[in-house]
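Colleague: Residue numbering for the sequence shown follows the UniProt record's numbering, beginning at 1 and increasing consecutively.
Heads up, the beta-carbon is just placed ideally off N, CA and C, and yes, glycines get one too.
Computed from a prediction, not measured in an experiment: that's the story for all the values here.
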Amino acid sequence: MISSELFISLLSDCKNSLHLLLSSRKRSAKLWIQAIAISLLVVLTSFSTWCISPALATINDDRYEGNVFVLFGGNGSLVPPRMDLPTSLKKEKPAILVFYVDDSSDCKQFSGLITRVQEFYGRAASIIPVTVDSFIDRDKYTPDEPAYYYSGVVPETVILDQKGKVVYDGKGQVPYEEIDDVLREVFNLLPRSESQVLKRRSFNEFNSGMAE
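(1) Using the three-state DSSP reduction, which class does G112 fall into: helix, strand or coil?
(2) Please state the DSSP three-state secondary structure of K90.
(3) With C-beta atoms as the reference, is D103 less than 7 Å away from Q173?
(4) In chain order, what are the residue ranges of uninterrupted beta strand (DSSP E) at least 3 long that sit wholly in the region 104 to 181?
(5) According to the neighbour-count rule (16 or more other Cβ atoms, all chains shown, within 10 Å of its Cβ), is V68 buried or exposed?
(6) Please confirm whether D144 and P86 have their CB atoms less than 7 Å apart.
(7) Is F99 helix, strand or coil by DSSP?
(8) Within 10 angstroms of its Cβ, does P155 collect 16 or more other Cβ (buried), or is it exposed?
(9) To the nearest angstrom, report how far apart P146 and V130 are at their CA atoms.
(10) Hey, how far is the Cα of E177 from the Cα of P191?
(11) Quick one: grab the DSSP three-state call for L183.
(12) What residue range is occupied by the uninterrupted alpha helix (DSSP H) comprising V70?
(13) Using only the alpha-carbon positions, how far apart do E119 and R138 sit?
(14) Since V166 contacts L160 with CB under 8 Å, what's their CB separation in whole angstroms?
(15) Which residue's Cα is closest to the Cα of R123: S111, D62, S77 and E65?
(16) Apply the 10 Å Cβ neighbour rule to W50 and answer buried if 16 or more other Cβ atoms are within range, or exposed otherwise.
(17) Once DSSP output is grouped into helix, strand and coil, what is the label at L190?
(18) Can you tell which of D181, D62 and I128 has the C-alpha that lies nearest to the C-alpha of R82?
(19) Would I179 and K108 be called neighbours here (beta carbons separated by less than 7 Å)?
(20) Rounding to the nearest angstrom, what Cα-Cα distance links E92 and S126 in this structure?
(21) Can you name, in chain order, every residue of its own chain whose Cβ lies under 7 Å from the Cβ of Y150, other than the five neighbours on each side?
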């Protein structure tokens, strides 16, 4: 016959064993949950990297991915341009010609700068991106054709004033400030050193500048 002390001891051992078993299962379940969470995180990270990294990676190479202004400039409104060159010249509206190709890393990187130019000057000037692959090979071009102003490099930015005169011809990835300085002159705006905001010169200041 089992004594009461032995029975109590056995009962206590069973209780401890059951507690350890339950604790072990809880730890095991917790480990499983952690493992599943980590696995999901790895899958989601890999998927997001797979979705995003191609655009980031290819901006630095010369692979064709599509139109550079849509994919890398984040601006589908630039292509096709709202106004062509003949119309802009006829309306005496300043024009910004941007020569490019879609399979150039320089053009991909430069497209974002043109988006910035449009942000400030898109209403006052005609921004006309021109892919050089669209040129028809001829010996001569007329001044109302974009190819007339092309020098053979990409990207190339040519600015025509209200009279159709070339006031700027920037080759390569020129800085925004360089383009901005020229456009401020075209539109009679204060220089950047005097105002970061696009403000017109006062009438008296303009006349005094002309007198000098």
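Modeller: By the coordinates alone:
(1) Your numbering for residue 112 matches position 112 in the sequence shown. In this structure, G112 counts as helix in the three-state DSSP scheme.
(2) Taking the first residue of the sequence shown as position 1, residue 90 is located at position 90. Helix, per DSSP.
(3) Position 103 of the sequence shown holds residue 103. Position 173 of the sequence shown holds residue 173. Taking 7 Å as the cut-off, the Cβ atoms of D103 and Q173 do not count as close.
(4) Segments of the beta strand (DSSP E) lying fully in the region 104 to 181: 126 to 131, 156 to 160 and 166 to 171.
(5) Numbered from 1 along the sequence shown, position 68 holds the residue referred to as residue 68. When all chains shown are included, V68 counts as buried.
(6) Residue numbering aside, residue 144 sits at position 144 when the sequence shown is read from its first letter. Residue numbering aside, residue 86 sits at position 86 when the sequence shown is read from its first letter. Cβ atoms of D144 and P86: closer than 7 Å.
(7) Taking the sequence shown and counting its residues from 1, the one referred to as residue 99 is at position 99. Strand.
(8) As a position in the sequence shown, residue 155 is number 155, starting the count at 1. P155 should be labelled buried.
(9) Along the sequence shown, read from residue 1 onward, the residue named residue 146 stands at position 146. Along the sequence shown, read from residue 1 onward, the residue named residue 130 stands at position 130. Roughly 7 Å between the two C-alpha positions.
(10) Translated into positions along the sequence shown, residue 177 becomes position 177. Translated into positions along the sequence shown, residue 191 becomes position 191. So the two alpha carbons sit approximately 11 Å from each other.
(11) Mapped onto the sequence shown, residue 183 falls at position 183. Under the three-state reduction of DSSP, L183 is assigned to helix.
(12) What you label residue 70 is simply residue 70 of the sequence shown in a count that begins at 1. Run containing V70: V68 to L71, per the alpha helix (DSSP H) assignment.
(13) As a position in the sequence shown, residue 119 is number 119, starting the count at 1. As a position in the sequence shown, residue 138 is number 138, starting the count at 1. Each residue's alpha carbon lies about 35 Å from the other.
(14) Working through the sequence shown from its first residue, we reach residue 166 at position 166. Working through the sequence shown from its first residue, we reach residue 160 at position 160. About 6 Å separates the beta carbon of V166 from that of L160, a gap short enough to meet the 8 Å contact definition.
(15) Indexing the sequence shown from 1 puts residue 123 at position 123. Among S111, D62, S77 and E65, the Cα nearest to that of R123 belongs to S77.
(16) Stepping through the sequence shown from its first residue, residue 50 is reached at position 50. With a pLDDT of 44 at W50, under the threshold of 50, the modelled position of this residue cannot be trusted; read the value that follows with caution. That one is exposed.
(17) By one-based count along the sequence shown, residue 190 stands at place 190. Three-state result, L190: coil.
(18) Position 82 of the sequence shown, counted from the first residue, corresponds to residue 82. Nearest option by C-alpha distance: I128.
(19) For the purposes of this step, residue 179 is identified with residue 179 of the sequence shown, where counting begins at 1. For the purposes of this step, residue 108 is identified with residue 108 of the sequence shown, where counting begins at 1. Not in contact: I179 and K108 (Cβ atoms no closer than 7 Å).
(20) Start at 1 with the first residue of the sequence shown, and residue 92 comes out as number 92. Start at 1 with the first residue of the sequence shown, and residue 126 comes out as number 126. Here the alpha carbon of E92 sits roughly 10 Å from the alpha carbon of S126.
(21) Counting from 1 along the sequence shown, the entry for residue 150 is found at position 150. Contacts found: F99, V132 and E156.
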